[in-house]
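Written out below as C-alpha cells is the structure these notes cover.
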Amino acid sequence: MKSRFQSTFGTRRALFSIFAGILVLSSLSGCGESSDSSQAQTTITATSQAPTAVTPIEVLSTESGAATSSNQEQPSNATLRDYERVTGISGNLSSIGSDTLANLMTLWTEGFKRNYPSVNIQVQAAGSSTAPPALTEGTANFGPMSRAMKDKEIEAFESRHGYKPTPIRVAIDALAVYVHKDNPLDGLSIADVDAMFSTTRRCGGSASKDAWGSLGLTGGWTDRPIQLYGRNSVSGTYGYFKKVALCSGDFKNSVNEQPGSASVVQAVASSLNGIGYSGIGYITSGVKALDISIDGGPSIAATPENALKGDYPLSRYLYVYVNKKPGQPLQPLAQEFLKLVLSKEGQEIVRKDGYIPVSPEVAERELAKLL
1 MKSRFQSTFG TRRALFSIFA GILVLSSLSG CGESSDSSQA QTTITATSQA PTAVTPIEVL
61 STESGAATSS NQEQPSNATL RDYERVTGIS GNLSSIGSDT LANLMTLWTE GFKRNYPSVN
121 IQVQAAGSST APPALTEGTA NFGPMSRAMK DKEIEAFESR HGYKPTPIRV AIDALAVYVH
181 KDNPLDGLSI ADVDAMFSTT RRCGGSASKD AWGSLGLTGG WTDRPIQLYG RNSVSGTYGY
241 FKKVALCSGD FKNSVNEQPG SASVVQAVAS SLNGIGYSGI GYITSGVKAL DISIDGGPSI
301 AATPENALKG DYPLSRYLYV YVNKKPGQPL QPLAQEFLKL VLSKEGQEIV RKDGYIPVSP
361 EVAERELAKL L
C-alpha cells in the first residue's frame with residue numbers, strides 16, 4: 001500500500017533516529033522537510049518510550065472530552081487564514097510533551113523562526129504524559145499531546161492555578177493498525193484487535209487471538225504466531241489505543257514496546273508475523289494499514305478523508321495545551337505561534353507531515369480560545 005504519506009516518512013525517520021541524544025539546531029536557513037537539514041534554534045529531546053468502544057464521533061470531539069456531531073467538523077466554503085506577521089515579537093518558548101507531535105512542533109518552529117529569527121524555542125518530546133506536569137509546574141509554554149488530558153491531570157493543574165488548562169486542536173491523526181506488506185489480511189474489527197493485544201477482551205472478543213489462523217488466514221499462515229508491537233505507557237498513543245481499541249482493557253505482556261511511532265512501523269516491516277499500531281503518517285512500503293470495522297459495521301480504510309469525516313474508528317485530534325487565564329488573552333509570543341499553527345501555512349505543514357489539517361471552522365474556534 002503506497003500513499004502520499006510515504007514521502008514524509010524519511011523526514012520522520014531522520015528526526016527520530018537522532019532522538020536518543022539532544023539535537024540543537026542553531027540558525028534557520030529555511031522551512032524544509034528534512035530534520036537533518038533544518039536549522040531552527042530548537043532543542044529536541046526524546047526518550048524510549050483509558051469500558052465500551054469509543055465511536056468515531058466521540059474520538060473527534062469538540063473539546064477534550066465532549067462529543068459532537070461529525071457534521072460540525074466538515075469543511076465548507078470557508079478557508080484557513082493566511083498568517084500575517086506582526087512586529088515586536090521576541091523571546092523564548094518551550095514545549096514539552098508528545099513524541100507523536102515532535103516533528104510537527106519542529107516544523108512549526110522553523111516556520112515561526114522564519115518570521116521571527118530572534119525567537120528561541122525548545123522542544124522536548126518524551127511522551128504526552130510529560131506535558132501536563134510541565135504545564136502545571138510552569139516549565140513549558142506548550143504541552144503537545146496526542147490524547148486529551150485525563151481528569152486527574154486537569155485536576156492537578158486546576159489545584160495549582162485555579163482554572164483549567166486550555167486545549168487547542170492543531171491536527172487530526174488516523175492511528176493505523178499495520179501488518180507486514182506480505183500479510184494477506186486486509187481488515188480487522190475492533191474486537192479482533194482487542195483479542196490480539198489485550199488480556200481482558202472488553203471489546204467483545206470471546207477468546208485470545210494468538211495465531212494468524214485465528215483471524216481466518218490459511219495455508220502457511222495458519223499456525224504462524226502473531227507478534228505484537230506497540231508503544232510504552234508514557235506515550236499518548238499507547239493511552240489512546242488502550243482506551244479505544246482495547247476498550248480500556250489491559251495490554252498483553254507480550255507486546256514489544258517501541259521507543260517511538262516510527263520504530264513500531266520499522267519493527268512490523270521487519271517481521272513477517274508482526275502487527276502494530278502507529279499514526280498513518282508513518283506508513284512505508286514495507287507495511288500496509290488494515291481496514292477497521294466497529295460493532296459489526298463496514299470496514300473503513302485509514303484515509304485522511306475518512307478520518308476528517310469521523311468515519312474511521314481510530315481517528316483522533318492532536319492537541320497543544322496552554323496555560324491561559326480566564327478572561328485574559330494568551331501571552332503574545334505563544335499566541336502568535338499558535339496563530340501560525342492554525343493558519344494556512346501551519347496546516348500545510350500538517351498535511352506535508354502526513355497528518356490531516358483541521359477544518360477552517362475548527363481553526364476559527366481554536367483561534368477564539370486564544371483571546
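Going by this note's numbering, 32 is the number at position 32 of the sequence shown; the sequence numbering is gapless.
Every residue, glycine too, gets a C-beta built ideally from N, C-alpha and C.
Remember, predicted model here, so these are calculated numbers, not experimental data.
*Could you check the C-alpha separation between Met196 and Lys209 for me, to the nearest Å?*
For the purposes of this step, residue 196 is taken as the residue at position 196 of the sequence shown. For the purposes of this step, residue 209 is taken as the residue at position 209 of the sequence shown. Distance between the alpha carbons of Met196 and Lys209: 5 Å.
*In this structure, does DSSP put Glu84 in helix, strand or coil?*
Stepping through the sequence shown from its first residue, residue 84 is reached at position 84. Looking at Glu84 - three-state DSSP - the assignment turns out to be coil, as it is neither helix nor strand.
*Tyr163 by DSSP, collapsed to three states: which one?*
Position 163 of the sequence shown holds residue 163. Coil at Tyr163, not helix or strand.
*Which residues in the same chain have their Cβ closer than 6 Å to the Cβ of Gly205, if we skip the five residues on either side of it in sequence?*
Within the sequence shown, the letter at position 205 stands for residue 205. Result list for Gly205: Ala191, Asp194 and Ala195, in chain order.
*Compute the Euclidean distance between the alpha carbons of Gln387 and Asn120, then round it to the nearest angstrom.*
Here the chain has residues from 1 to 371 only, and residue 387 is not among them.
*asked:* Using a Cβ-Cβ cutoff of less than 7 Å, which residues in the same chain neighbour Asp223 once the five nearest sequence positions on both sides are dropped?
replied: By one-based count along the sequence shown, residue 223 stands at place 223. Cβ-Cβ distances below 7 Å link Asp223 to Ala211 and Gly213 in the same chain, with the five nearest sequence neighbours on each side left out; the list follows chain order.
*Would you mind listing the beta strand (DSSP E) stretches within the region 189 to 244 that are 3+ residues and don't spill past its ends, in chain order?*
Runs of the beta strand (DSSP E) inside the region 189 to 244: 227 to 231.
*Measuring alpha carbon to alpha carbon, tell me which of Val322, Gln347, Pro326 and Lys339 ends up nearest Thr166.*
Reading the sequence shown from its first residue, position 166 is the one you call residue 166. Among Val322, Gln347, Pro326 and Lys339, the Cα nearest to that of Thr166 belongs to Val322.
*In this structure, does DSSP put Gln347 in helix, strand or coil?*
Position 347 of the sequence shown, counting from 1, holds the residue named residue 347. Gln347: helix per DSSP, three-state reduction.
*Rounded to whole angstroms, what's the CA-CA distance from Ser198 to Lys243? Just pull it up for me.*
In the sequence shown, residue 198 corresponds to position 198, counting from 1. In the sequence shown, residue 243 corresponds to position 243, counting from 1. Here the alpha carbon of Ser198 sits roughly 11 Å from the alpha carbon of Lys243.
*asked:* For the structure I just gave you, are there three or more beta carbon pairs, one from the region 155 to 166 and one from the region 262 to 272, closer than 8 Å?
replied: When C-beta atoms of the region 155 to 166 are compared with those of the region 262 to 272, fewer than three pairs fall below 8 Å, so the two segments do not count as touching.
*Looking at C-beta atoms only, is the number of pairs between the region 285 to 301 and the region 130 to 139 that lie closer than 8 Å three or more?*
No, the region 285 to 301 does not touch the region 130 to 139.
*Start and end of the alpha helix (DSSP H) containing Ser263?*
Along the sequence shown, read from residue 1 onward, the residue named residue 263 stands at position 263. First-last of the alpha helix (DSSP H) with Ser263: Ser261 to Ala269.
*Assuming Phe142 and Val320 make a contact with CB atoms under 8 Å, what is their CB distance in whole Å?*
Position 142 of the sequence shown, counted from the start, is the residue given in the question as residue 142. Position 320 of the sequence shown, counted from the start, is the residue given in the question as residue 320. Contact flag correct, Cβ pair sits at about 5 Å.
*Taking all protein chains shown into account, decide if Arg85 is buried (16 or more other Cβ within 10 angstroms of its Cβ) or exposed.*
Numbered from 1 along the sequence shown, position 85 holds the residue referred to as residue 85. Under the 10 Å beta carbon count, Arg85 is surrounded by fewer than 16 other beta carbons and is classified as exposed.
*asked:* Mapping the DSSP letters down to three states, classify Leu93 as helix, strand or coil.
replied: As a working note, residue 93 is residue 93 in the sequence shown. Strand at Leu93.
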